[in-house]
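In our numbering, the protein residues as written are 7 to 66.
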């Protein structure tokens, strides 16, 4: 399974509660924080919902 690195690049202030919870479920609390996840459909869907707040890189 491929892995992805998700980095929080924007603040969650003035965002919906749903987007804040999605960021927290991805393990992102602070700007600049990086988490590595498996590229499962669940994770990719979560990243798509907050794509304007995060950046994504594929890793091997």
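Idealized CB from N, CA, C, for every residue including glycine.
Alpha-carbon to alpha-carbon, residue j and residue i
i	j	result
residue 12	residue 62	5 Å
residue 26	residue 18	6 Å
residue 60	residue 39	10 Å
residue 41	residue 64	12 Å
residue 51	residue 32	11 Å
Of the residues the options, the one placed nearest residue i, counting alpha carbons only
i	options	result
residue 7	54, 51, 45, 49	45
residue 16	35, 47, 66	35
Whole-Å CB distance - residue i paired with residue j, under 8 Å assumed
i	j	result
residue 49	residue 14	Not quite, the Cβ-Cβ distance comes to about 15 Å (not below 8 Å), so this is no contact.
residue 9	residue 43	7 Å
residue 55	residue 22	No, residue 55 and residue 22 are not in contact; Cβ-Cβ is about 10 Å, not under 8 Å.
Could you tell me which whole beta strand (DSSP E) segments of length 3 or greater appear in the region 24 to 52? 40 to 44
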